[in-house]
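Q:
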Amino acid sequence: MTDDIGKRIEGIVAERARLAPLVRADAQRWRAVLRSLLALSQQLEQQPRQEEPHAVRDELVASAQVAAEEVEALLESFERFATRLLRSTINVGVSGSARVGKSTLLQTISGLADNEIPTGADIPVTAVRSRIFHSDTRSRALVSFHTYASLRDEVLAGYHRDLGLPPAPATLEAFRAFPYPQRPEDLPGGEPSPTSVVLLRRLLAMRDALPSYEDLLTGDEREIPLSELRPFIAYPTHEERMRPGHGDHRYLAVRDARIECPFPHADVRHLGVLDLPGLGELMVGAEAHHVDGLRDEVDAVVMVVRASATTAYLRESDARTLTLLQESRGGVSTARDFVFILVNDVAVDRSRLAALRHEIDLKINDGVPDQYFQVLQADAANHGAVAAGVLGPLLAHLAERLPVMDAQIHAAVSDSASGLATRIEAIARTAMAHAERVRRSAGVVDEGLQDRVNTLRGHLARDLTALVADISAKYASTEDGEYADAVEYAYRGVLGWTEAGFGEGRESWQARALDRCVEDHNSTPFLSEELNVLRVTITQRFAAMDDFLSARVTDLYARVVAVLSARLGELVPADTEPAKALRQLRELLTDPVEPSPSLAKAVEDLLEVRLDFRTQLYPRVRDALAECNLEVAGPSGQPQVQVIAAPTEAGVDRMYRAVLDIAEQTAFRTRQQLLTLALEPGQALRAVTEFFADAFIRSRDSKRDLLRLARGHRDRIWPDAFREHDLAVTTASAITAAAESVVATVTETRKAP
Amino acid sequence: MTDELRYRIGLAGPSRVGKSSLVVSLLRDSREQLGGLPLQLTAADLATERRVAKTTTELDNSLLRGEFNSDALAGNVEAFTFQLRLAAKRSSTGVRIELMDYPGKWFNPRTRPDDSVADWAACKDFIADASVLLVPVEAIGLMENNNAWQRAASKQLLAIEEVEKTAEWWATARGSYHDEPALLLLCPVKCESYLADNLNTTDRATELHDAVRAMYAGVVKTVRANAPHAEIAYCAVDTIGCVNLVRAEWTEVGGQPHISAKYRIIGPGKSMSYKGIDDLLTLLLRHLVDAQHRALEIIANQRERAANDAKSLAIRNEGLIGNFLLSISGRRRKRVYRSGVQREEADRTHQQVDELNQVIKELAERPLSTKRVNTW
Numbered sequence: 001m002t003d004d005i006g007k008r009i010e011g012i013v014a015e016r017a018r019l020a021p022l023v024r025a026d027a028q029r030w031r032a033v034l035r036s037l038l039a040l041s042q043q044l045e046q047q048p049r050q051e052e053p054h055a056v057r058d059e060l061v062a063s064a065q066v067a068a069e070e071v072e073a074l075l076e077s078f079e080r081f082a083t084r085l086l087r088s089t090i091n092v093g094v095s096g097s098a099r100v101g102k103s104t105l106l107q108t109i110s111g112l113a114d115n116e117i118p119t120g121a122d123i124p125v126t127a128v129r130s131r132i133f134h135s136d137t138r139s140r141a142l143v144s145f146h147t148y149a150s151l152r153d154e155v156l157a158g159y160h161r162d163l164g165l166p167p168a169p170a171t172l173e174a175f176r177a178f179p180y181p182q183r184p185e186d187l188p189g190g191e192p193s194p195t196s197v198v199l200l201r202r203l204l205a206m207r208d209a210l211p212s213y214e215d216l217l218t219g220d221e222r223e224i225p226l227s228e229l230r231p232f233i234a235y236p237t238h239e240e241r242m243r244p245g246h247g248d249h250r251y252l253a254v255r256d257a258r259i260e261c262p263f264p265h266a267d268v269r270h271l272g273v274l275d276l277p278g279l280g281e282l283m284v285g286a287e288a289h290h291v292d293g294l295r296d297e298v299d300a301v302v303m304v305v306r307a308s309a310t311t312a313y314l315r316e317s318d319a320r321t322l323t324l325l326q327e328s329r330g331g332v333s334t335a336r337d338f339v340f341i342l343v344n345d346v347a348v349d350r351s352r353l354a355a356l357r358h359e360i361d362l363k364i365n366d367g368v369p370d371q372y373f374q375v376l377q378a379d380a381a382n383h384g385a386v387a388a389g390v391l392g393p394l395l396a397h398l399a400e401r402l403p404v405m406d407a408q409i410h411a412a413v414s415d416s417a418s419g420l421a422t423r424i425e426a427i428a429r430t431a432m433a434h435a436e437r438v439r440r441s442a443g444v445v446d447e448g449l450q451d452r453v454n455t456l457r458g459h460l461a462r463d464l465t466a467l468v469a470d471i472s473a474k475y476a477s478t479e480d481g482e483y484a485d486a487v488e489y490a491y492r493g494v495l496g497w498t499e500a501g502f503g504e505g506r507e508s509w510q511a512r513a514l515d516r517c518v519e520d521h522n523s524t525p526f527l528s529e530e531l532n533v534l535r536v537t538i539t540q541r542f543a544a545m546d547d548f549l550s551a552r553v554t555d556l557y558a559r560v561v562a563v564l565s566a567r568l569g570e571l572v573p574a575d576t577e578p579a580k581a582l583r584q585l586r587e588l589l590t591d592p593v594e595p596s597p598s599l600a601k602a603v604e605d606l607l608e609v610r611l612d613f614r615t616q617l618y619p620r621v622r623d624a625l626a627e628c629n630l631e632v633a634g635p636s637g638q639p640q641v642q643v644i645a646a647p648t649e650a651g652v653d654r655m656y657r658a659v660l661d662i663a664e665q666t667a668f669r670t671r672q673q674l675l676t677l678a679l680e681p682g683q684a685l686r687a688v689t690e691f692f693a694d695a696f697i698r699s700r701d702s703k704r705d706l707l708r709l710a711r712g713h714r715d716r717i718w719p720d721a722f723r724e725h726d727l728a729v730t731t732a733s734a735i736t737a738a739a740e741s742v743v744a745t746v747t748e749t750r751k752a753p
Numbered sequence: 001m002t003d004e005l006r007y008r009i010g011l012a013g014p015s016r017v018g019k020s021s022l023v024v025s026l027l028r029d030s031r032e033q034l035g036g037l038p039l040q041l042t043a044a045d046l047a048t049e050r051r052v053a054k055t056t057t058e059l060d061n062s063l064l065r066g067e068f069n070s071d072a073l074a075g076n077v078e079a080f081t082f083q084l085r086l087a088a089k090r091s092s093t094g095v096r097i098e099l100m101d102y103p104g105k106w107f108n109p110r111t112r113p114d115d116s117v118a119d120w121a122a123c124k125d126f127i128a129d130a131s132v133l134l135v136p137v138e139a140i141g142l143m144e145n146n147n148a149w150q151r152a153a154s155k156q157l158l159a160i161e162e163v164e165k166t167a168e169w170w171a172t173a174r175g176s177y178h179d180e181p182a183l184l185l186l187c188p189v190k191c192e193s194y195l196a197d198n199l200n201t202t203d204r205a206t207e208l209h210d211a212v213r214a215m216y217a218g219v220v221k222t223v224r225a226n227a228p229h230a231e232i233a234y235c236a237v238d239t240i241g242c243v244n245l246v247r248a249e250w251t252e253v254g255g256q257p258h259i260s261a262k263y264r265i266i267g268p269g270k271s272m273s274y275k276g277i278d279d280l281l282t283l284l285l286r287h288l289v290d291a292q293h294r295a296l297e298i299i300a301n302q303r304e305r306a307a308n309d310a311k312s313l314a315i316r317n318e319g320l321i322g323n324f325l326l327s328i329s330g331r332r333r334k335r336v337y338r339s340g341v342q343r344e345e346a347d348r349t350h351q352q353v354d355e356l357n358q359v360i361k362e363l364a365e366r367p368l369s370t371k372r373v374n375t376w
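Sequences listed follow chains R and S, in order. Counting along the first sequence from 1, when you hit position 421 you're at 421 in the UniProt record's numbering, and nothing is skipped either side. Counting along the second sequence from 1, when you hit position 235 you're at 235 in the UniProt record's numbering, and nothing is skipped either side.
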C-alpha cells in the first residue's frame, strides 16, 4: 500500500462528503413529490361517487399509489446512497461460512487479540457482529444495548415466528413467565424440523439466561475496555457453559458493537472492517440481515473461503453467499468491483488449495480467472500476507473504482428518479384532465340558479302579497279590541292618577295651591302652570300606548320574517328575535363583495318604521289635550279662563274640583278621539308592508339584487340543491390543485444540480 | 172660551232620556224664550205650575252644588199631563196644549211594570191623538259610543225599537187626518258638549245630526210611510246649557246598559243657559199656530156664512102680512139683533185669523239655528 492510495481514498471520502448534502437535497425534493402524490391520491379517493369518471378515478388512484411506492423506494435509494456518501471510512465487509477464518482475518487486519475478538477452531464464537474502525488514538469498544422492546422486536419475534408460536411476549415479565413448550414435540405444527429443535433450544436458553443479562436491557451505549469486551460479543466457551448457571450470556443484551483501535497497517486511515454473519449459521433472518447490512455499510466484501479437510470445495453456502452479494451490490454495475474471494491459505489446507482455486475459476469465474470475481489468496493469520495479498490489492482497487461505483450508484438512482418523474407527471396530467371532466359533468350552475331565483321571486311576491292582504284584513275593522284595550289601559292610568290627587294626594295639592295662590294673591299663575303640567303628564301617560304600538311593529316584523324565512332559509333565521333577524338580513344585503342595495334599502326602511304615540296619534289628539289649559277659546273665539277661584281654602277646594274635571275631561276626550283612530296604526302598518313588498319584489333593481343575494348565499337558501354540484366542483378543483402541486414538485426535482 | 182648541203633544222616550227636563225647559221662562212674539205660553193649571217649579228647583240646586249629574234628577213615578195655554197677547182666545209626561220605564215593555198596563194604554191613546210627536234623544249615549257593544247599548238605551213602534201608531193615526198638520220632532237633548254656539267650544253638530239621522232612520221611514203629510224636524237642545261633559262611562245595571255622565259647570254657573229651546218652541209654535190658523179659518168661514144667513133672514121680505106679524111680534128685531151678533162673531173670528196670519208671518221670519235645526 502506498501513501498515494491513502490520499486517493481520503479524496474519495472528501468528495463523498461534498456530494452527500446534494443527494439529501434531492431526497428532500422527492419527499415533496411523495407528499403531493399522496395528497393527489387522497383527493381522488374523496371524489364523490359518479358513474363514468369513477372508473377513471380508480385507475388514477391505483397509478398514484404505485407511483408513491416507487417514490418511497427511490427515497430509500437516495437515503442509502447518502448514508454511503456520509461515511467517513471505507468499509470492508468480511463474509464467509463459519469456521473459514473470518475472525482471524479481522484480528489480523485490526491487530486485536483473541481475548478481544475471539476466534475458535471448531465452534462458532462470534455472537455479536463487530464493526472495527481504525483509530490513531483510541482503543475502545462502544457497545449499545437492547431494550426489552428492541430485543423482542429484533430477536425474539423472529424465533416466535419461525417456531409458530404466538407473538413474542410484550414485557420482560411476560417473557420470563411465557409457557414455552419444553420439548420440540410440543411445538405447534406437528413433527418438529431439526431447525426448530435448535431454535427452541436457543430460545429456552435465552429465557433461562435472562438473569445474566436482563440488567443490561437499558438501551444505553457504553464504552467497554477492549480487554473486557469478549463476554459482550462472544458465546461462552465450552468450559464456561459447563459451569453452574450456563455461564455468561451478556452478549444477548448487545445490539451493536463498534470497536475503535489502531490498525497495524494504518496506511489507509479511513478504513473499517465489518464482521458479517457467516452464512449457513443457524440464525433467524440471517441472510436477509446479511444483505441489508452489506447494502448500507460496506464498500466491498471479502468472502473468505478455505479448503478445509471436510470442505475441500466450494460449499453450497458459498455459492448462495455470492448470489446474495451479487444482489446486494446495489447500483454498482459489476460484482467484480464489489466482491472479492479470499482463499485462506492455511498451511494445513495447502494440499487442497489448488483444487479449490480450480473450482473457483471453473464454477464462479466460468473458466476465466478473475472474470466475475477477483480471487485473492493469503493466510488470514499472517499479517504480512494479509497486508500484501488482501489489503493492498483491495484498497488499490477501491481507490480506483470507488468513484466509479459511486457514480454508477448515483446514475442508477438518478435514472430511476427521472423515469419516475415522467410517469408521475403523466399521472398528474391525467388527473387534471379527469378533474376537468368532473367539472364539466357537474353542469352550469348559473342557469340553474337563475331558474331558482325566478321561482323564489315568484314565491316571495305571492307570499308578500298575501301578507299585505292579511295585514289589511286584520286591521280593516274599527273593532280593534287590542287597540281599544291599549287606549283604555292608558286612559285608566290617567284616571287612577287624577283620582289619587294627581299622584300627590288631594290635601297636598290643595295645600300647595293655597300657599302659592296666597303668595301670588292670585290663582291664575298657579292654575296656569298646574294645567300645563297636567297636560304634559296626561300626554305622557297616553304614550303608554307605545308598548302596544311597538308590539304591533314587532308582530309585523315577525310576519315578514316568517315569509322571508320560509323562502330564504337560514339567511333569515325564524328562531331569532324578528328585528334582529331583519338586521342580519340587512347586513348580508350590504355585503361589500356582492351588495343588493335595493333589497337592503327595503329592509332598512322596514326596520326604521316608527309607530309610536307621539308621531302617529298625538297630532290627532292634540286638540283634545289642548283643553287642559287655563285659557281656552270661548264660543266666539275669545279667550276664556276655565277656572277662577279665590285664594282661600274654599276657593282652592273649588279649584281642585275644577282642575280634576278638566284633567278627566281632557283624558276622556283624548280617549274618545283615540278610539276613533283605531284604524290608523293598522293602516300605517299596511302601508309599510305594501311599501316593503313593492320595494323588495317590484323595485327596478330588485330582480338583479335578489340574484346577487342568491348567488352569494345559495347554499344557505337552498342547502341541498347545490351540494352535489359544489362538491363535484370543489373536488375537481382540489384534484386539479393537487395535480398541479405534483407537477410542480416533480419539476423541482428536475432543477436539481 | 168656546173658541179654545186643544192640541196634544205626545212624548216618545224611555227612562232617563230627558223627557221631563225637556218639557220643563220649554216652560220655564217661556216669556224669555218667546221673545218679542205676540204670544204667551203659560201654565193652564196649578198642577202644571207646581210641577214646573219643582223640576226647575231640582236643576238649579244641582247647579248650586257646583256640579251636575244627570243621574241625580229624580225620575217620574206617574204620568203627568202638563196643561199649557198658548195665546196671542192681544186676544183672549188661545189654544190649550196638553203634554203628557210619564215614567220612562212604561215606554219599554222590558221595564214596564205589570200594574202599569192600563196607564200605558192611556198614554198610547194620548199619543195617538197628538198632532206632535216629540222624541227626546239622549245625546251622550248616542255620541259617546266607540264599539259595537256600546253602539248596541246605545240603541237599547234610546229604545229605538219602541220609538219606532210608537211612531208607527202615531203616524197611522195622523194618516187619517190629511187636513190636520202633523209634526215629528226628533230632539237631541243634553247637547251642550257637542255644539259650539252656547258656552262650549266643541263643534260636533254635524256629527250629532248625522248620528240622529242614522239612529232614527227607521222612525223617519215609518212616519213617511204612514203619514206622508207629516213634517219631520230635527232640533238639538241644551237642556242645561252651562255644563260640559267631563266623562261618560258605559256600564250594565240590572242587565240593562247604562251610561253615566259626569259634567262640570262652565261659565258663571249661576243659571241655566238654554240653547235650542227657542228653536224648539218656534218649531212647535209654527205647527200649533198653523193648526190653529187652519181651524179658525174654517170657523171664520162658517161664521161668515151664518152672519150672512142671519142678515138675509133679518131683512127678508115675507109679504105684507108676514112683515107685519114679524114686526108686531118683535121677531124682526130679534132677527136683526142675531144678525148683528153673528156678524160680530164672524168679524172677530176674521180678526183672529188676521192676527194669527201676522204671528205666522213673524214665526216664519224668526231665524232658526242652522246648527241645531233641520227639517227632513
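Every residue, glycine too, gets a C-beta built ideally from N, C-alpha and C. In this text, all values refer to a predicted model and were calculated from it rather than measured experimentally.
So ALA602/R contacts chain S; which residues on that side make the cut at Cβ distance below 8 Å?
A: Chain S residues near ALA602/R: none, gap ~36 Å exceeds 8 Å.
Q: For ARG138/R, I'd like the list of residues in its chain whose CB is within less than 6 Å of its CB, leaving aside the five on either flank, ordered along the chain.
A: So the list reads GLU260, once near-sequence residues are dropped.
Q: Using a C-beta cutoff of 8 Å, does ALA227/S count as contacting chain R?
A: Judged by the 8 Å Cβ criterion, ALA227/S is not in contact with chain R.
Q: Which residues of the segment 249–268 of chain S have a Cβ closer than 8 Å to any Cβ of chain R? Give them in chain order.
A: Answer in chain order: LYS262, ARG264, ILE266.
Q: Tell me the DSSP secondary structure of LYS361/S in three-state form.
A: LYS361/S falls in the helix class under three-state DSSP.
Q: Quick check: what's the CA-CA separation for ALA710/R versus ALA466/R?
A: When rounded, the distance between both Cα atoms is 23 Å.
Q: With DSSP run on the structure shown, which of helix, strand or coil describes SER20/S?
A: Of the three classes helix, strand and coil, the one that applies to SER20/S here is helix, per DSSP.
Q: For a minimum of 4 consecutive residues, which ranges assigned as the alpha helix (DSSP H) are wholly contained in the segment 546–626 of chain R?
A: Here the runs fully enclosed are 578–589, 597–607, 618–626.
Q: Measuring CA to CA, which of ALA417/R, GLY448/R, LEU660/R is closest to ASP726/R?
A: Taking only the C-alpha atoms, the option nearest ASP726/R is GLY448/R.
Q: With a 10 Å radius around its C-beta and 16 neighbouring C-beta atoms as the bar for buried, classify ILE298/S as buried or exposed.
A: ILE298/S should be labelled exposed.
Q: Can you have a look at TYR337/S and say buried or exposed, based on whether 16 or more other CB atoms are within 10 angstroms of its CB?
A: TYR337/S is exposed by the Cβ-count criterion.
Q: So what's VAL100/R in DSSP terms, helix, strand or just coil?
A: Coil.
Q: Looking only at DSSP bridge pairs, what is THR42/S linked to?
A: Paired residue(s): ARG85/S.
Q: Please go through the segment 54–120 of chain R and give each complete alpha helix (DSSP H) segment of 4 or more residues, from N-terminal end onward.
A: Runs of the alpha helix (DSSP H) inside the segment 54–120 of chain R: 102–110.
Q: Following the continuous beta strand (DSSP E) through PRO257/S, name the residue where it begins and the one where it ends.
A: PRO257/S -> beta strand (DSSP E) spans 256–265.
Q: Tell me the start and end of each unbroken alpha helix (DSSP H) in the segment 173–217 of chain S that is at least 4 residues and wholly inside, in chain order.
A: Entirely contained in the segment 173–217 of chain S, the alpha helix (DSSP H) runs reaching 4 residues are, in chain order, 205–215.
Q: Chain S beta carbons: is any one of them nearer than 8 Å to that of GLU479/R?
A: Chain S, which has a Cβ nearer than 8 Å to the Cβ of GLU479/R, makes this yes.
Q: State yes or no: is the beta carbon of LEU675/R nearer than 8 Å to at least one beta carbon in chain S?
A: Output row for LEU675/R: interface = yes.
Q: Can you pull the chain S neighbours of VAL632/R, defined as C-beta to C-beta under 9 Å?
A: Those are THR201, listed as they occur along chain S.
Q: Establish whether the CB of GLN638/R and some CB of chain A are separated by less than 8 Å.
A: Judged by its chain identifiers, the structure shown contains no chain A, and its protein chains are R and S.
Q: Just to check my reading of the structure: ARG131/R and LEU274/R have Cβ atoms closer than 8 Å, yes? What is that Cβ distance to the nearest angstrom?
A: Confirmed, about 5 Å.
Q: Please state whether the Cβ-Cβ distance between ARG80/R and VAL143/R is less than 8 Å.
A: Result no, Cβ atoms of ARG80/R and VAL143/R do not sit closer than 8 Å.
Q: Rounded to the nearest angstrom, what separates ALA205/S and ARG174/S at their Cα positions?
A: Each residue's Cα considered, the two are about 31 Å apart.
Q: Checking the sheet assignment: what are the DSSP bridge partners for LYS275/S?
A: DSSP lists ASP238/S as partners of LYS275/S.
Q: Can you determine whether any heavy atom of the ligand ADP sits closer than 7 Å to the C-beta of THR524/R, and answer yes or no?
A: Among the ligands in the structure shown, none appear at all, so the ligand ADP cannot be discussed.
Q: Indicate whether VAL339/R and LEU356/R have their beta-carbon atoms separated by less than 8 Å.
A: Going by C-beta atoms, VAL339/R is not nearer than 8 Å to LEU356/R.
Q: Sort out for me which residues DSSP pairs TYR7/S with in a bridge.
A: BP columns for TYR7/S point to ILE97/S.
Q: Here's a check: name, in chain order, each residue in its chain whose Cβ is nearer than 8 Å to the Cβ of LEU156/R, leaving out the five neighbours to either side.
A: Taken in chain order, the residues that qualify are ALA168, PRO169, PHE175, LEU203, MET206.
Q: Between which residues of its own chain and GLU748/R is the CB-CB distance below 7 Å, once the five residues before and five after are set aside?
A: Only ARG29, ALA32 meet the Cβ criterion.
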